[in-house]
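Novice: What follows is a structure written as structure tokens; I'll ask about it next.
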């Protein structure tokens, strides 16, 4: 992309943005009507016209039913899509809306409806218009929430949801370039006031970005940090995969192949780097537990207990058969006994009271 954050995106640059998607049979474009998604639709349509053979493009707008202007904005997107020779569909989020956690619930509903539209259209991908600015904001949000390395990688260029690929081709493009592109093409776009509503976390952080940029924390630098963390995260995953295979080989005769449990030799486990041990524990707990993903902070606390138990094993009386550690987390039972760490499904919680 151009180094000028305020220059329109050229046809050549747009071709590079979508190059990896050329062989897809069909693509759903998530278009809300704001500048980012309208630019995504316009750039994708221009790119598709340059191809002799290429994917079908379908514009989809999700109306969350939260603002009275949303229906009009969806109609405006439909008219623009029609002028670009693209089919358009509006998906509506119906039913009761939560009183708390509304942004997360709306986001989940949006992706659910978009993937439904993709399956109905025979599309393999949903394209969203997340930009470099969004990446910087996501990194800041996760940093302030105390995320680990995996969380601080922010958004990946491609992820998967319900069998549909979610692609973010504009993830390294600044929002200013998208607005410049639309202005040059004389294309109007909607202004969503919730993007500035400081009731929500993301708009509050967005308002801080100019001050952070003045201190060197520009969206470009924050996005670069997220990319570097993603690179480190991928390397750690490779180490964790190797360590998992190594421990499985040492433990292959301890558990039946189809056992709903994981087991590690404690002494070998203790030699691994702390971040690798954390990932192995999280993987095991998530695999056998039945209460959702384990929280990183709780797994860190569990690892500290296990490390103390392993270190003190030699000073304890041998042969008692009593576990040095026995805890439950996220629906998994984790125990340390006789030199082994065992992670297995926890028994159902007892319900107090009742008839």
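Numbering (this note's numbering), first residue to last: 3 to 357.
Glycine is no exception: its CB is placed at the ideal position from the N, C-alpha and C atoms.
Going residue by residue through the stretch 256-286, where are the continuous beta strand (DSSP E) segments of at least 3 residues, counting only ones entirely within it?
Specialist: If we require 3 residues or more, the beta strand (DSSP E) runs fully inside the stretch 256-286 come out as 264-267.
Novice: Closest to residue 145 by CA distance: which of 279, 30, 228 is it?
Specialist: 228
Novice: Is the beta carbon of residue 177 less than 8 Å from the beta carbon of residue 133?
Specialist: yes
Novice: Excluding the five sequence neighbours on either side, which residues of its own chain have a C-beta within less than 7 Å of the C-beta of residue 292, listed in chain order?
Specialist: 333, 347
Novice: Quick one: what does DSSP say residue 66 is sitting in, helix, strand or coil?
Specialist: coil
Novice: Starting from residue 342, trace the beta strand (DSSP E) both ways and give me its first and last residue.
Specialist: 342-347
Novice: Give the DSSP-derived three-state secondary structure of residue 326 in the structure shown.
Specialist: coil
Novice: Taking the beta carbon of residue 169 as the centre, do at least 16 other beta carbons fall within 10 Å, making it buried, or is it exposed?
Specialist: buried
Novice: Got a sec, what are the start and stop residues for the beta strand (DSSP E) residue 140 sits in?
Specialist: No beta strand (DSSP E) contains residue 140, which is instead part of the alpha helix (DSSP H) from 134-146.
Novice: Check the C-beta distance from residue 308 over to residue 335 and give it rounded, since I have them as a contact under 8 Å.
Specialist: That belief does not hold up - the Cβ atoms of residue 308 and residue 335 are roughly 13 Å apart, past 8 Å.
Novice: Report all residues from its chain with a CB closer than 6 Å to the CB of residue 320; omit the five preceding and five following residues, and keep chain order.
Specialist: Low local confidence applies: a pLDDT of 47 at residue 320 is under 50, so the model's placement there is unreliable, and no value is given.
Novice: Is DSSP giving residue 32 helix, strand or coil here?
Specialist: strand
Novice: Which residue spans inside the stretch 59-107 form an unbroken alpha helix (DSSP H) run of at least 4?
Specialist: 72-85
Novice: For residue 41, which residues in the same chain have their Cβ closer than 6 Å to its Cβ, ignoring the five residues on either side in sequence?
Specialist: 180, 183, 184
Novice: Taking Cβ positions only, does residue 92 come closer than 8 Å to chain C?
Specialist: Here there is only one protein chain, and chain C is not present.
Novice: In angstroms with no decimal places, state the Cα-to-Cα distance between residue 49 and residue 10.
Specialist: 15 Å
Novice: In terms of residues, what are the limits of the beta strand (DSSP E) holding residue 160?
Specialist: 160-163
Novice: Using 8 Å for Cβ pairs, my map puts residue 174 next to residue 125. What's the rounded Cβ distance?
Specialist: Not quite, the Cβ-Cβ distance comes to about 23 Å (not below 8 Å), so this is no contact.
Novice: Just list the residues that DSSP pairs residue 336 with in beta bridges.
Specialist: 329, 345
Novice: Do residue 140 and residue 158 have their CB atoms nearer than 8 Å?
Specialist: no
Novice: Based on the DSSP secondary-structure assignment, which residues constitute the bridge partners of residue 305?
Specialist: None; residue 305 has no bridge partner.
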